[in-house]
Amino acid sequence: MPSPRQTILVVEDEAAIAETITYALRTEGFEPLWKTTGRDALAALNLQPVALVVLDVGLPDMSGFDVCRELRRRHAVPVIFLTARSGEIDKVVGLELGADDYLAKPFSPRELTARVRAVLRRSNGGPIATSTIWQHDEGKCRISYRGTALDLTRNEYRLLGALLASPGRVFNRDQLMAAAWDDPGAALDRTVDAHIKTLRAKLREAAPDADPIVTHRGLGYSLREET
Ligand code: CA
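The letter at position 75 of the sequence shown is residue 74 when you use my numbering, and the numbering goes up by one with no holes.
The following block contains the structure:
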């Protein structure tokens with residue numbers, strides 16, 4: 000299986016800047032995902048695995064700082080801030096929000112992709128430990144369960160990644176399809192069910208006694224909260 004392109008979440012409300020960024024990222028072999036508000040960005044992070052977030056500080060609904068604070072509660076994904084004023088740079092550096100880097104506007108697309116690569120190289124140095132039970136290395140698109148690396152197809156990986164981003168949350172089939180398929184309209188409900196079935200089989204191989212995926216009849220699926 001060819002490794003899927005790494006998804007870079009771009010949170011920027013100015014279309015011209017976002018277009019420049021997404022074009023540069025796509026040219027460099029990344030899969031950009033563009034959101035214009037903090038709320039949409041946080042929702043997207045819960046639905047699919049993201050390798051890195053490019054986050055504008057000045058957003059229409061909430062500040063990039065608040066978005067970062069919020070996403071840090073659930074995700075270990077690296078963040079590069081985009082700042083418009085020197086005052087914002089001071090804040091990025093001073094607040095210790097866990098930003099991995101920042102870029103002051105205006106910047107060249109080449110500068111941005113170089114920073115993205117550098118941050119990914121750093122963060123791919125070791126797997127990101129989601130918990131002692133699950134290990135999700137978002138840079139390498141790899142998930143381990145109870146110490147065993149799972150051999151997953153692209154759709155299985157994206158499906159499990161979505162569940163893993165919010166343990167305990169019940170996802171309906173539409174949400175899982177949106178997270179795991181590029182063309183959700185083409186996938187039927189039973190495609191999600193079929194993939195959950197093969198996922199369960201692979202998880203059983205890793206840990207015969209465990210059944211971490213919970214079926215909620217008529218609703219969807221969730222991942223058992225384990226500690
Ligand atoms: Ca802005």
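Every residue gets a Cβ at the ideal spot worked out from N, C-alpha and C, and that includes glycine.
Once you ignore the five residues that flank Arg157 on each side, which residues in its own chain have a CB closer than 7 Å to its CB?
On the sequence shown, position 158 is the one that residue 157 refers to. If we look at Arg157 and ignore the five residues flanking it on each side, its Cβ neighbours are Gln47, Pro48, Ala178 and Ala179.
I want to check one thing, is the minimum distance from the CB of Asp100 to the heavy atoms of ligand 1 below 6 Å?
Working through the sequence shown from its first residue, we reach residue 100 at position 101. Not so, every heavy atom of ligand 1 lies at least 6 Å from the Cβ.
Could you check the C-alpha separation between Asp182 and Thr190 for me, to the nearest Å?
As a first step, residue 182 must be located in the sequence shown, where it is residue number 183. As a first step, residue 190 must be located in the sequence shown, where it is residue number 191. Using only the alpha carbons, I get a separation of about 12 Å.
Quick check: the Cα distance between Asp150 and Lys139, rounded to an integer number of angstroms?
Numbered from 1 along the sequence shown, position 151 holds the residue referred to as residue 150. Numbered from 1 along the sequence shown, position 140 holds the residue referred to as residue 139. Asp150 and Lys139: Cα-Cα distance of roughly 13 Å.
So, under 8 Å CB-CB, Val52 and Val78 are touching, yes? Tell me the CB distance rounded to an integer number of Å.
On the sequence shown, residue 52 is found 53 positions in, with the first residue counted as 1. On the sequence shown, residue 78 is found 79 positions in, with the first residue counted as 1. About 5 Å separates the two Cβ atoms, so the contact holds.
Please state the DSSP three-state secondary structure of Thr152.
For the purposes of this step, residue 152 is identified with residue 153 of the sequence shown, where counting begins at 1. Coil, per DSSP.
Name the one or two DSSP bridge partners that Tyr22 has.
Locating residue 22 in the sequence shown gives position 23, counting from the first residue. Answer is none; Tyr22 lacks a bridge partner.
Just to check, is the beta-carbon of Gly37 closer than 6 Å to a non-hydrogen atom of ligand 1?
In the sequence shown, counting from the first residue as 1, residue 37 sits at position 38. No.
Cβ pair Gly37, Asp55 closer than 7 Å
Numbered from its first residue, the sequence shown carries residue 37 at position 38. Numbered from its first residue, the sequence shown carries residue 55 at position 56. No.
Could you tell me if Thr82 is buried or exposed, where buried requires 16 or more neighbouring beta carbons within 10 angstroms of its beta carbon?
Here the question's residue 82 lines up with position 83 in the sequence shown. Taking all protein chains shown into account, Thr82 has 16 or more neighbouring C-beta atoms within 10 Å of its C-beta and is therefore buried.
In angstroms with no decimal places, state the Cα-to-Cα distance between Ala15 and Arg71.
In the sequence shown, the residue the question calls residue 15 occupies position 16. In the sequence shown, the residue the question calls residue 71 occupies position 72. Computed Cα separation, rounded: 28 Å.
Just reading off the beta strand (DSSP E) that Phe64 is part of, what are its end residues?
Taking the sequence shown and counting its residues from 1, one reaches residue 64 at position 65. Here Phe64 belongs to no beta strand (DSSP E); instead the alpha helix (DSSP H) covers Gly63 to Arg71.
Does Ser221 come out as helix, strand or coil in the three-state DSSP assignment?
For the purposes of this step, residue 221 is taken as the residue at position 222 of the sequence shown. The answer is strand: DSSP assigns Ser221 an E or B state.
Excluding the 5 residues flanking Pro1 on each side, which residues of the same chain have their C-beta closer than 6 Å to its C-beta?
Indexing the sequence shown from 1 puts residue 1 at position 2. Residue placement at Pro1 cannot be trusted, given a pLDDT of 42 that sits under 50; the coordinates are not used to answer.
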